[in-house]
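Residue numbers (mature numbering (1 follows the signal peptide of the UniProt record, and there is no 0)): -28 to -1, 1 to 147.
Glycine included, C-beta positions come from ideal geometry on N, C-alpha and C.
Down below is the structure, laid out as structure tokens.
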């Protein structure tokens, strides 16, 4: 097992090798704030080009790679001139926005009207030795299938957004 000193030397050697290689190949650690500003700037340019119809079939990934390369090419010239100053105070939080501003927000699902649906009044005795949830489900399913024959489901599907037959039947049997 190597000594602490040997491990320390190996670690220092690896750090020196990384530094030499990164400077030789132009690899530099990217400032997250700078990367975010480049992304925002490119996003604004993309939206403007999209609105003007000047993308020429370019998708966001191609546009962004080109825009980011242009921004990084211009950034090194401006960086040495700027003196590092104290970090500015965080801006006040912006109002929450929709996940995708280009798509309208979906309307909340309205509860489905029961209409003339027929529901069982109690759990069927045939399912007495089942777990309570399974007994309610099977009772509701039996009634739903019986209602299908007489068209007495009130326009409800077994499961649907806003509460289908099963959801409403289960709630009634629980209470």
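Range of the contiguous alpha helix (DSSP H) that encloses residue 139: Taking the chain shown and counting its residues from 1, the one referred to as residue 139 is at position 167. Run containing residue 139: 137 to 146, per the alpha helix (DSSP H) assignment.
CB-CB length for residue 96 against residue 114, believed under 8 Å: Translated into the one-based positions of the chain shown, residue 96 becomes position 124. Translated into the one-based positions of the chain shown, residue 114 becomes position 142. About 7 Å separates the two Cβ atoms, so the contact holds.
Segment limits, alpha helix (DSSP H) that includes residue 4: Counting from one through the chain shown, the residue named residue 4 turns up at place 32. First-last of the alpha helix (DSSP H) with residue 4: 4 to 24.
Coil, strand or helix - residue 35 by DSSP: In the chain shown, counting from the first residue as 1, residue 35 sits at position 63. It is helical.
Beta-carbon spacing of residue 137, residue 100 below 8 Å: For the purposes of this step, residue 137 is identified with residue 165 of the chain shown, where counting begins at 1. For the purposes of this step, residue 100 is identified with residue 128 of the chain shown, where counting begins at 1. Result no, Cβ atoms of residue 137 and residue 100 do not sit closer than 8 Å.
Close beta carbons around residue 27, own chain, < 6 Å, minus the five adjacent residues each side: By one-based count along the chain shown, residue 27 stands at place 55. The answer, listed in chain order, is 21.
Through-space distance from residue 25 to residue 10, alpha-carbon basis: Working through the chain shown from its first residue, we reach residue 10 at position 38. Working through the chain shown from its first residue, we reach residue 25 at position 53. Approximately 22 Å between the Cα atoms of the pair.
Top-ranked residue by Cα proximity to residue 7, from 39, 129, -17 and -19: Reading the chain shown from its first residue, position 35 is the one you call residue 7. If we check each option's Cα against that of residue 7, 39 comes out closest.
First and last residue of the uninterrupted alpha helix (DSSP H) at residue 127: Position 155 of the chain shown holds residue 127. Run containing residue 127: none; DSSP gives neither H nor E here.
Spatial distance of residue 141 from residue 112 (CA atoms): Here residue 141 corresponds to residue number 169 of the chain shown, with the count starting at 1. Here residue 112 corresponds to residue number 140 of the chain shown, with the count starting at 1. Computed Cα separation, rounded: 6 Å.
Pairwise C-alpha distance: residue 108 and residue 102: Residue 102 sits at position 130 when you count from the first residue of the chain shown. Residue 108 sits at position 136 when you count from the first residue of the chain shown. For residue 102 and residue 108, the distance between alpha carbons rounds to 9 Å.
For residue 42, three-class secondary structure by DSSP: As a first step, residue 42 is located in the chain shown; it is residue number 70 there, counting from the start. If DSSP states are grouped into helix, strand and coil, residue 42 belongs with the helices.
Alpha helix (DSSP H) segment containing residue 104, residue limits: Within the chain shown, numbered from 1, the residue matching residue 104 stands at position 132. That run of the alpha helix (DSSP H) goes 104 to 122.
Residue 145, buried or exposed, once every other Cβ within 10 Å from all chains shown has been counted against 16: For the purposes of this step, residue 145 is taken as residue 173 along the chain shown, with counting starting at 1. Residue 145 is buried by the Cβ-count criterion.
For residue 97, three-class secondary structure by DSSP: By one-based count along the chain shown, residue 97 stands at place 125. Three-state result, residue 97: helix.
Buried versus exposed call for residue 123 [16 or more other C-beta atoms within 10 Å across all chains shown]: Taking the chain shown and counting its residues from 1, the one referred to as residue 123 is at position 151. With fewer than 16 Cβ atoms within 10 Å of its Cβ, residue 123 is classed as exposed.
C-beta contact flag for residue 127 and residue 87 at 8 Å: Indexing the chain shown from 1 puts residue 127 at position 155. Indexing the chain shown from 1 puts residue 87 at position 115. Cβ atoms of residue 127 and residue 87: closer than 8 Å.
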